[in-house]
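Down below is the structure, laid out as structure tokens.
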Amino acid sequence: MVPGEAPRRVLLVGFMASGKTSVGRELAGLLGWKFHDFDAVIEERAGVTVSEIFHRDGEAHFRKLESDVGRALLREEHVVLATGGGWPAQPGSWGAVPEGTLSVWLRVSPGVAVRRTSSEGPIRPLLVGGDLERRAAELMARREASYRQARVVLDSDEDDVPTLAMRIMTIIRGEARDR
Ligand code: S3P
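Letter by letter, the sequence shown follows residues -9 to 169 of the numbering used here.
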């Protein structure tokens, strides 16, 4: 972020089930800001679920919708945004992040991600069937460099949702105070 500028939006990135949506909602409540989840907006616009888009039109089509939604949401201010797990790894994604954005990587381990997604049911087309933990580990390894571009990293294996939201709140307050 540019020195001298307090955050006007928060962008949460991280693997599936890292807590982006839950932490984002909680944080938006604390800040009195709006909350948007990329996947939810894609589903609203398309009128079908993310799974259906993957199965019917393929991943490339989903990525195009995701990129368009990301660009639109990143123009908003006083907003907390939860990206989908694959968004940061798509070419051009980080280039669309404007100044005044506090980006946060919620880091989760493959084992915890798989346990959480399994308890939520088969709603993630990229994590269905087979050796899930190995697949999650491979996908995560391929994406790690893109997640690392976030300004802040927080551990989502250990900390619960309210703690993670408070940590981000503290960072924002600190940056606002330093101005
Ligand atoms: C994806 C993650 C999902 C969703 C889609 C693809 C990915 O979002 O965008 O199933 O490529 O990791 P969550 O991270 O919110 O599960």
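Every residue gets a Cβ at the ideal spot worked out from N, C-alpha and C, and that includes glycine.
Check: Contacting residues, own chain, Cβ-Cβ under 8 Å from G9 (five flanking each side not counted); Outcome: L96, V98, S146, V151, L154
Check: Contact the segment 19 to 30 vs the segment 70 to 79: 3+ CB pairs below 8 Å; Outcome: yes
Check: Residue-level contact to chain B via CB, P78, 7 Å cutoff; Outcome: Looking at the structure shown, chain B is missing, and only one protein chain is on hand.
Check: Buried versus exposed, by CB contacts within 10 Å (16 or more), V142; Outcome: exposed
Check: Closest residue to R15 among E165, A166, G164, M159 (Cα-Cα distance); Outcome: M159
Check: H68 - DSSP class collapsed to helix/strand/coil; Outcome: coil
Check: Residue range of the unbroken beta strand (DSSP E) whose run includes S93; Outcome: 91 to 97
Check: Cβ-Cβ distance between L100 and M130 below 7 Å; Outcome: Correcting the residue type first, residue 100 is Pro in the shown sequence and not Leu. Result yes, Cβ atoms of P100 and M130 sit closer than 7 Å.
Check: Residue of A166, D168, A86 minimising C-alpha distance to R61; Outcome: A86
Check: Where the alpha helix (DSSP H) through L21 begins and ends; Outcome: 10 to 21
Check: beta-carbon P100 near ligand 3 non-hydrogen atom, thresh 6 Å; Outcome: As presented, the structure is devoid of ligand 3, carrying ligand 1 as its sole ligands.
Check: For A(-4) and A166, believed in contact at Cβ under 8 Å, the rounded distance; Outcome: 4 Å
Check: Proximity test, L116 beta-carbon vs ligand 1 heavy atom, cut-off 6 Å; Outcome: yes
Check: Which of helix, strand or coil DSSP assigns to M58; Outcome: One detail in the question is off: residue 58 reads as Asp in this sequence, not Met. Helix at D58.
Check: E49 burial status per 10 Å Cβ neighbour count (16 or more: buried); Outcome: exposed
Check: Spatial distance of H45 from T91 (CA atoms); Outcome: 33 Å
Check: Where F25 falls: helix, strand or coil (DSSP); Outcome: strand
Check: Ligand 1 heavy atom lying under 6 Å from the CB of V13; Outcome: no
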